[in-house]
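Read through the structure below, which is laid out as structure tokens, and then see the notes.
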Amino acid sequence: MLSESNSGRRFFMAPRQHMNACIERERVVHLRVQDLVLCGVRPKVIYQVIGKQMSLNEVKRIHDSITPIPPDKRHGRNIKFENIHLISAPAHSLYIECFKLVKRALAAGGSRADALCSVWRIMADRRSLPFHADIENASCEAMIVLYLNYEVDDLTIETCDICRSPFLSAKSFRCMACEGTAKRKRQAA
Numbered sequence: 005m006l007s008e009s010n011s012g013r014r015f016f017m018a019p020r021q022h023m024n025a026c027i028e029r030e031r032v033v034h035l036r037v038q039d040l041v042l043c044g045v046r047p048k049v050i051y052q053v054i055g056k057q058m059s060l061n062e063v064k065r066i067h068d069s070i071t072p073i074p075p076d077k078r079h080g081r082n083i084k085f086e087n088i089h090l091i092s093a094p095a096h097s098l099y100i101e102c103f104k105l106v107k108r109a110l111a112a113g114g115s116r117a118d119a120l121c122s123v124w125r126i127m128a129d130r131r132s133l134p135f136h137a138d139i140e141n142a143s144c145e146a147m148i149v150l151y152l153n154y155e156v157d158d159l160t161i162e163t164c165d166i167c168r169s170p171f172l173s174a175k176s177f178r179c180m181a182c183e184g185t186a187k188r189k190r191q192a193a
């Protein structure tokens, strides 16, 4: 009887451990989303940065619970990305390091824009990438997300064929000033 009850316990142990691992993973992702919200990053950008490990609605729910935004200000211009893949290990470790600094800066009373600029400066300095002043069209936030979502070696400065402004480019990423194929076709004609 004892052996039967022991084997019964063992049978139920594996699913419980699996469930605990799932809960722990969700907790880590949730904390990461909270960190990004506290850093002032927008929900859609957070959704891209976390590699879609949580639904966009869940990200928005966390965002709204921490920083409630009036409904009239919720519909801002969103950055569009193509061919997003998961963050590479070096970019992920740098992301952790940088956003710890951002949290400290915000806790000390710094502004969101200054904090994001300082993160981009760290990233740019590490990989000899262009500083914010070199690219008029991109916000620091957009450049950080680009850095985190694409291979670092793939990033270059290009000039947009339509609006002739410089932008930080990666494979299959278009200029942020040009908002879609319809606008491109109208301007090209």
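If you're matching positions, the sequence shown starts at 5 in this note's numbering and goes up one per residue. Virtual Cβ for every residue (Gly too), placed ideally from N, Cα, C.
Run through DSSP, which three-state label would Met23 get?
helix
Whose C-beta lies closer than 7 Å to the C-beta of Val63 among residues of the same chain, with five residues either side of it excluded?
Val37, Pro47, Ile50 and Tyr51
With Ile54 as the anchor, note down where its alpha helix (DSSP H) starts and where it stops.
That residue, Ile54, is in no alpha helix (DSSP H); it is neither H nor E in DSSP.
Contact set for Val33: own chain, Cβ-Cβ below 7 Å, skip 5 residues either direction
Ile54, Gln57 and Met58
Starting from the C-beta of Leu60, find all residues in its chain whose C-beta is less than 6 Å away, skip the five residues before and the five after it, and write them out in chain order.
Tyr51
Taking buried to mean at least 16 other C-beta atoms within 10 Å of its own C-beta, is Leu35 buried or exposed?
Exposed, because fewer than 16 other Cβ atoms sit within 10 Å of the Cβ of Leu35.
So Ile66 packs on Val45, CB below 8 Å; how close in whole Å?
That belief does not hold up - the Cβ atoms of Ile66 and Val45 are roughly 12 Å apart, past 8 Å.
Ser115 versus Gln21: straight-line alpha-carbon distance, rounded
Cα-Cα distance, rounded: 42 Å.
Can you tell me the Cα-Cα spacing of Ala109 and Glu30, whole angstroms?
Distance from the CA atom of Ala109 to the CA atom of Glu30, rounded to whole angstroms, is 27 Å.
Just the Cα atoms here: how many angstroms apart are Asp39 and Asp68?
14 Å
Where Met23 and Ala111 are concerned, what is the direct C-alpha to C-alpha distance, given to the nearest angstrom?
35 Å
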